[in-house]
Each structure stands twice: as structure tokens, then as C-alpha cells.
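Numbering (our numbering), first residue to last: 184 to 502.
Shown next, in C-alpha cells, is the structure this report addresses.
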Ligand code: BDR
Ligand code: CA
């Protein structure tokens with residue numbers, strides 16, 4: 184069976200681009216495996232103005248023609264925090280990108296989500312690669328459409344550790360109240376947490392493979408990787424961790440991941456653990472699992488798949 188013989192999965196891409204969000208969207212579009220119904224933006228890596236502008240620039244670069252809508256400007260209750268140390272002041276520092284030709288829809292992300300989910304004949308998967316604010320706001324404002332969400336494939340959390348505090352990962356820490364709503368919603372969750380994303384490393388030699396593809400998108404992806412890796416190299420990473428691409432890759436190539444089902448709770452209080460994703464390792468709560476968690480990945484297979492998906496831009500597959 185060829186890649187394009189698979190039925191396309193209807194998805195909404197919700198994220199805060201961000202270098203790894205941008206790469207996640209690039210492989211999603213390049214794969215030809217998704218019907219991308221909408222792109223919605225989250226405040227996280229940068230302000231909503233900046234992530235929305237970046238979303239329009241990324242969609243223009245990769246030729247992704249889906250409606251784009253601006254998400255919530257702030258977390259449900261918390262003050263917004265950003266990550267300029269990793270993604271720069273623009274939220275997507277590094278290579279010059281084309282000026283955006285894709286316009287923003289004149290309605291909020293939550294309403295665009297409702298429109299496309301309501302009108303889609305199949306259940307829709309939400310791929311969330313930023314704070315979960317929009318998805319939670321959607322669940323709160325449109326409870327009648329909850330059943331129409333097939334799955335939420337998200338990058339967020341970590342079963343064993345955090346990256347922004349010892350206990351919490353950035354996306355969950357930005358809006359723990361939203362994460363709690365999502366994890367308690369009953370919608371099936373596929374969780375790409377730090378447990379797996381820190382193993383999904385793209386090495387400098389893989390950067391070169393991408394650069395040498397020589398297609399209109401690969402040169403930019405190569406520079407995004409170089410920029411993103413600069414921060415991580417100083418922390419002794421052997422490569423760039425592909426956090427957000429895991430949430431997409433797990434839908435395209437589930438066979439390269441190891442997954443475990445857990446009941447995961449979100450800590451919204453606490454002196455040290457706000458934003459932690461707490462797995463019930465031993466079934467102590469008696470609750471049924473609410474998340475399928477990615478816990479391991481075949482790194483080489485992941486890198487090969489990523490390179491292959493970016494190569495699609497030279498073959499007319501993604502255009
Ligand atoms: C997550 O935080 C953001 O900076 C990245 O885009 C990713 O979604 C990793 O913790
Ligand atoms: Ca992100």
C-alpha cells in the first residue's frame with residue numbers, strides 16, 4: 184500500500200509556531216495523510232499576534248491552504264508566559280520567510296473549530312502542539328460537539344519530569360487549567376510528552392540530509408533546525424528534540440513508537456508541581472486510562488521518516 188492510498192485523517196492543527204510546531208505542520212502537510220480542515224493559533228511560545236503571523240508565514244511557505252484563525256490571547260486563568268529563549272523574539276527567529284499571503288479568518292479559533300467539526304462527516308482529530316487553551320475553550324463553549332472529536336493528539340507534559348520546572352513541561356505549565364479540562368473531557372488523548380520527545384532527536388548529520396534535499400522547503404527546515412538546536416546544544420543535547428513533530432508522526436507512523444495507557448491527572452495547585460502531568464503508574468486511583476502515552480521511539484526510523492516527509496516537497500506531493 185502506498186502512503187497516499189490511506190484514507191486521509193481530518194485534522195485541525197492547533198499550535199504556537201515556534202520552530203518545532205512549524206516542522207510538525209510541514210511534515211503533516213507533506214505527508215498527504217491528513218485533510219487539514221483548519222489551522223488555529225495558540226499563545227505560548229510567543230504572543231498570539233506573533234504566533235498567528237508565524238502561522239500565516241508557515242502556511243504560505245509550505246502551500247497549506249486551510250483557514251487560519253487566531254486563538255485565545257491568554258490562558259484560561261493564568262498570566263501568559265512565553266519562550267523567547269528558545270524561539271526568539273518573533274517566536275520563529277532564524278531564516279527569512281515569505282511574506283504571508285494566507286489571510287486570517289474573521290472569527291476566533293474556537294468558532295472556526297466549531298464550524299469545521301460541525302460540518303465534517305467524520306470525527307475530527309485535533310493536533311495540539313501548544314498550550315491547550317483553545318481546545319479547552321472549545322470543549323467548554325461547544326459541549327454538544329465533544330463527541331465529534333475523534334482524538335486529541337497533543338505534545339505536552341512528561342510522565343517523569345518537566346522542562347520548564349522540575350515537574351512541568353512548557354505547554355502544560357502555560358495553561359494547566361486548560362490541560363485539566365482536556366484530560367478530564369473523556370476525549371481519547373494521544374500524549375507525546377517529554378518522555379518520548381526528548382528521545383526523538385534529529386542529529387546534526389540529519390540536518391545535512393535535509394539541507395541536501397534542495398527543495399523549496401528543506402532549506403528553511405534546515406535553518407529552523409540549526410536555530411532550534413543552538414539552545415539545546417548548550418545543554419549538551421546530541422540533537423534537536425522534535426517535541427511537536429511527535430504529535431504528528433505518531434498518527435502517520437505509530438509503529439515506530441512504544442505506547443502505554445495511563446490515567447493522567449493535571450496538577451493545577453502545589454508549591455512545586457503546578458502544571459505536572461501525573462500518571463497513575465500502578466492503577467491506585469482505580470480510574471480507567473484517559474491517555475495513550477508515547478514512551479519510546481525508534482530514533483533512526485523517526486529521523487528517516489522526517490527526512491522522507493520533507494523530501495515530499497520536491498516531488499510535487501505536497502504542493
Ligand atoms: C514545547 O514547548 C514549546 O516551546 C515547543 O514548541 C513545544 O511545543 C516543548 O516543551
Ligand atoms: Ca509548540
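Ideal Cβ placement from N, Cα and C applies to all residues, glycine included.
- Counting every other CB atom within 10 Å of its CB across the protein chains shown gives residue 455 a total below 16, marking it as exposed.
- Two segments are said to touch when three or more pairs of C-beta atoms, one from each, lie closer than 8 Å; by this definition the region 464–472 does not touch the region 482–492.
- Under the three-state reduction of DSSP, residue 203 is assigned to helix.
- Apart from the 5 residues on each side of it in sequence, residue 257 sits with its Cβ closer than 7 Å to the Cβ of 226 and 263 in its chain, given in chain order.
- Uninterrupted alpha helix (DSSP H) stretches at least 4 residues long and entirely within the region 200–261 occur at 202–214 and 231–245, given in chain order.
- In the DSSP annotation of this structure, the continuous segment of the beta strand (DSSP E) that includes residue 198 starts and ends at 192–198.
- In this structure, the C-beta of residue 254 stays at least 7 Å away from each heavy atom of ligand 1.
- By the neighbour-count definition (other C-beta atoms within 10 Å, threshold 16), residue 209 is a buried residue.
- Ranked by how close their Cα comes to the Cα of residue 325, the residues 293, 306, 498 and 220 have 293 in first place.
- In this structure, ligand 1 has no non-hydrogen atom nearer than 7 Å to the beta-carbon of residue 223.
- Less than 8 Å separates the beta-carbon of residue 197 from that of residue 318.
- Residues of the same chain with a CB within less than 6 Å of the CB of residue 462, apart from the 5 flanking positions on each side, are 342, 445 and 447 in chain order.
- Judged by their CB atoms, residue 273 and residue 254 are not nearer to each other than the 8 Å cut-off.
- Residue 251 and residue 465 have their C-alpha atoms spaced approximately 42 Å apart.
- Fewer than three pairs of CB atoms, one per stretch, sit closer than 8 Å, so the region 384–404 makes no contact with the region 355–373.
- In this structure, residue 244 sits near residue 281, with a CB-CB distance shorter than 8 Å.
- Taking C-alpha positions only, residue 242 is separated from residue 344 by approximately 33 Å.
- The Cβ-Cβ distance between residue 426 and residue 338 falls below 8 Å.
- Using a Cβ distance threshold of 8 Å, residue 479 and residue 440 count as a contacting pair.
- In the DSSP assignment, residue 440 is bridged to 480.
- Straight across, the Cα-Cα distance linking residue 428 with residue 206 is about 6 Å.
- A Cβ-Cβ distance of about 6 Å is found for the pair residue 192 and residue 216, placing them in contact under the 8 Å criterion.
- The beta carbon of residue 460 sits no closer than 7 Å to any heavy atom of ligand 1.
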